[in-house]
Structures are given as structure tokens and as C-alpha cells.
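Counting with our numbering, you get residues 3 to 265 for the letters of the sequence shown.
Using N, Cα and C, we set each Cβ at its ideal position, and we do this for glycine too.
Quick caveat, the model's predicted, so the values are computed rather than measured.
For reference, the structure discussed in these notes is given below.
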Amino acid sequence: MSRTILRFLKTLSPPFHPSAEGSHSTLPPPPSYALYRASAQEIRKNGDLVSHDAHLNDDGEALARFLIQQAEQAPSIRILCQGTHTQTTTSSRMSGDVSGAFNSEDGTTNEVVDFKFIISVPVPLNSDQEGGNRPVLWSVGDMEPVFRGGSHREVDTQNGRCAAVTDDTRRWREVRETRRLKGLPPWGGQGAWKSSKSLREWADAYCADRDEGLKEFVFEKVVHGWDISRLEESLRSIIREAGYWSGDVKVEISTHASRVIIR
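Encoded structure:
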């Protein structure tokens, strides 16, 4: 069954090549000198990288260049396929009281996994006009409700920063999820960099924050070009056509190693 699915992926839905939309948003070439090598790193089970390096929390230039370096490491797509069915077992016991003995039955329902496998699909970076492989650097816009250094979602307006409206946040999440399932990039329109601040300015602002509480900088890598909804439905159909009709089929497509977190 897994070989059938792999052939389907190869012929119907090839791996995504990141868009070159907005040439001004393409990452600059690496500098001639060595980039800062951060220490105190850990890799989570989902592939995300977490760094507690003190220098990255104090030097905005080092942080920006570290993120550019990490952007060159493309994430991967993980496809989980699983089939399960439920099984109920009953047990009988004898008990009684002053009126006599009687039977009692107890039923226990358990989930049985019939098969489970994960397919890892590498995602190639985009090839630019110079023949190199460079990802597109993108950002959310000033009016998108995201965390901007505080403990709640905010937007940047012409009159300053203010808290995001709950309904606006809900609609924004729905739009983002719809675009993801359709394989569209998280940004819309011309150009991928929507923020009025550059990556270096965001890095400087993070490092300048001397709040004694916890702080965190999240750099997210996003894969687009995959019609997630259509691909998941197609994979479920392939599994059914292979003869698995008796149970429930679960297909989930997710991104692995997609975030770099500085703390």
C-alpha cells in the first residue's frame, strides 16, 4: 500500500518549489565571513530547533544572520496514514444477594491499529535566476493579529500598536487555514514581505527587550503549493481501493522541522 501511495505522490502531486514571488523578498546571499554558530540548541521531536544561546538574545545582527542561515534548511512534509477499527470484549461474572445469584456482563471497547506508517517527503528550495537555491523571506502584515512582543495578539496601526479584536483574529485564522489547505502561500498580493519593519529591525527589537519575564522569537518556515485537502482525500481513496474497508482511515499531512525558536 505504501508503494502505491509513493507512486501517486510522484505522478500527481510533486514536491513544492517555493515561489519566487517578490524578488525583493528573496534572502540575500551569505556574507563573505562566517556566520555566528549558536550554542545551547535542542531539536524537538517534530524537528523544530530551539536555541537558548545568550548572544542571540543580545545581538540583533547575530540573530538576523542566524535566522537567514536557518532559512536555508528546508522543512519536510510528513504524511501519516493509519487504519483502525474498534473491538469490544465482554466479560461475565456471577454475583448475588439474599434473593439469589444472577449474571452480570461488562463490555470494554478498544481501538485496534491495523496499520500505521509515515512518509517523509523532502521539499526542495526554489531555484533563482542565478541558479542558486534560496528561500523566499516572508512576513505577516502590520494589521494581521499576531504576537508582537506582548502576551496577547496585536496589530500595528498608524496611531501605534493596539490589541487585536477577537472576531478579527478568528477570521484571520480561518483565512490562513483555508489558504494552507488549498496550497496557497500565507501572504497574498504582490511581494511576500508585508511588515513595515525589516528582519533586522525585528531582531533588534527582540534583543532590546529587557523584560525579566520569558521572551521568545519564532521564525516559521511555510511550505505552499500542496493542495492538502485534495491530497488527503486522494490518499484515503487509494487506501480504500487497496482493500481496506473494515475500519477508519486517517490521513494527516503536516510540516516537519518548520520552526526556529529563540529563547
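Check	Outcome
Bounding residues of the alpha helix (DSSP H) (the contiguous stretch that carries Val177)	Thr168 to Lys184
Residue from Asn48, Arg261 and Leu183 whose Cα sits closest to the Cα of Asp231	Correcting the residue identity first, residue 231 is Ser in this sequence and not Asp. Among Asn48, Arg261 and Leu183, the Cα nearest to that of Ser231 belongs to Leu183.
Among Arg150, Val115 and Glu113, the one whose alpha carbon lies nearest that of Glu203	Arg150
Beta-carbon proximity list for Arg155, same chain, < 8 Å, skipping 5 on both sides	Pro147, Val148, Phe149, Ala165, Ala166 and Thr171
Euclidean distance between Cα positions of Ile264 and Asp61	12 Å
Cβ shell of Ser248 (< 7 Å), same chain only, five flanking positions each side left out	His87
Three-way DSSP call (helix, strand, coil) for Val112 in this model	For the record, residue 112 in the displayed sequence is Asn; it is not Val. The answer is strand: DSSP assigns Asn112 an E or B state.
Assigned secondary structure, Gln75 (DSSP; H/G/I helix, E/B strand, else coil)	coil
Among Ser200, Ala40, Gly152 and Val157, the one whose alpha carbon lies nearest that of Leu139	Ser200
Those residues which DSSP pairs with Ala165 across a bridge	Glu156
Contacts around Ile121, its chain only, beta-carbon distance under 6 Å, and the 5 residues preceding and following it disregarded	Ile81
Inter-residue Cα distance where the pair is Ser256 and Ile79	6 Å
Glu222, enclosing beta strand (DSSP E) - first and last residue	Phe219 to Glu222
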